[in-house]
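Undergrad: Below is a structure I'd like to ask you about.
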Amino acid sequence: MNDVPSPPPPPSEGQPSEPAPVVEPDRAATGYPVSVFADMQDEYVRFLPLVKWLLLIPHYVVLFFLGIAAMVVAFIAFFATLFTGRYPRGMWDFMRNVQRWVLRVYAYLFLITDQYPPFSLEEEAGDPVRLEAAYPEHVSRWRPLFAWLIVIPYAIVAALIGVLGQVCALFALFTIIFTKKIPEDLFKIIRVSFNWQMRASFYSYWMSTEYPPFVWDDQD
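According to my numbering, the sequence shown is numbered sequentially starting from 37.
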């Protein structure tokens with residue numbers, strides 16, 4: 037009689053198992069598809085705020101050309117979404133990454149981080165300022181035509197909050213020079229202003245299909 041082969045032994049406890057697939061979240065941690073997160077430093081470099089605008093000149097040059105590229109991509113995505121009801125994923129990723137670059141530059145310029153922004157479109161490990169955004173699987177075909185119009189009320193409020201954020205950054209300049217710190221309330225207002233502006237931008241470019249909420253801050 038032929039011997040019946042025995043089943044293979046179970047994997048040992050020390051043997052590593054296959055990694056679980058990475059699942060992209062449908063929404064940001066706040067419950068809205070687009071959100072900005074930022075980590076406040078314990079201390080800031082005292083006189084760095086006086087020269088940050090100068091140190092960012094290379095980024096201004098890069099963003100000029102990225103802005104041109106983003107206009108071309110948005111133009112193509114306009115017709116792609118209009119005819120297919122989908123924002124091409126590669127184009128959406130590029131537009132999101134340009135927004136991430138802009139956010140990093142603003143965060144450095146408006147003093148909430150001393151970490152010089154990387155010359156990269158990709159998410160970097162240890163980023164003190166992070167943009168989380170969820171890709172919409174379906175976009176109504178009318179959105180490229182009217183999203184910019186519908187978002188106007190929200191964009192007006194976002195612009196006013198942006199002015200408030202700039203004023204807070206001016207106060208933060210003096211607190212850093214004299215104390216090497218930013219008061220938590222000032223830091224929060226600046227971060228909230230970025231949050232509102234990013235949400236307005238994503239909706240106006242039909243990169244997000246859910247109207248942004250008129251909520252001061254949903255990270256509390």
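Heads up, the beta-carbon is just placed ideally off N, CA and C, and yes, glycines get one too. Note that this is a predicted model, so its numbers are computed, not measured.
Looking at the secondary structure, which residues open and close the beta strand (DSSP E) in which Val70 lies?
TA: For this step, residue 70 is matched to residue 34 along the sequence shown. Segment 70-74, the beta strand (DSSP E) holding Val70.
Undergrad: Would you mind sorting Trp89 into buried or exposed? The rule is 16 or more other CB atoms within 10 Å of its CB.
TA: Walking along the sequence shown from the start, residue 89 turns up at place 53. Counting Cβ neighbours within 10 Å, Trp89 comes out exposed, since fewer than 16 surround it.
Undergrad: Report the residue ranges of all alpha helix (DSSP H) runs contained in full by the region 103-148; include only those spanning at least 4 residues, in chain order.
TA: If we require 4 residues or more, the alpha helix (DSSP H) runs fully inside the region 103-148 come out as 125-145.
Undergrad: Around the Cβ of Pro69, are there at least 16 other Cβ atoms within 10 angstroms (buried) or fewer (exposed)?
TA: Mapped onto the sequence shown, residue 69 falls at position 33. By the neighbour-count rule (16 or more Cβ atoms within 10 Å), Pro69 is buried.
Undergrad: Using only the alpha-carbon positions, how far apart do Asp254 and Glu79 sit?
TA: Here residue 254 corresponds to residue number 218 of the sequence shown, with the count starting at 1. Here residue 79 corresponds to residue number 43 of the sequence shown, with the count starting at 1. Computed Cα separation, rounded: 26 Å.
Undergrad: Out of curiosity, what's the CA-to-CA distance linking Leu181 and Glu158?
TA: On the sequence shown, position 145 is the one that residue 181 refers to. On the sequence shown, position 122 is the one that residue 158 refers to. One C-alpha to the other measures close to 29 Å.
Undergrad: Let me know if Trp252 comes out buried or exposed under the rule of 16 or more other beta-carbons within 10 Å of its beta-carbon.
TA: For the purposes of this step, residue 252 is taken as residue 216 along the sequence shown, with counting starting at 1. With fewer than 16 other Cβ atoms within 10 Å, it is exposed.
Undergrad: Given this structure, state the Cα-to-Cα distance separating Met127 from Leu118, to the nearest angstrom.
TA: What you label residue 127 is simply residue 91 of the sequence shown in a count that begins at 1. What you label residue 118 is simply residue 82 of the sequence shown in a count that begins at 1. Each residue's alpha carbon lies about 14 Å from the other.
Undergrad: Thinking C-beta only, is Leu92 closer than 8 Å to Leu145?
TA: The sequence position of residue 145 within the sequence shown is 109, counting from 1. The sequence position of residue 92 within the sequence shown is 56, counting from 1. Result yes, Cβ atoms of Leu145 and Leu92 sit closer than 8 Å.
Undergrad: Is the beta carbon of Val134 sitting closer than 8 Å to the one on Leu102?
TA: Against the sequence shown, residue 134 aligns to sequence position 98. Against the sequence shown, residue 102 aligns to sequence position 66. A contact, by the Cβ cut-off of 8 Å.
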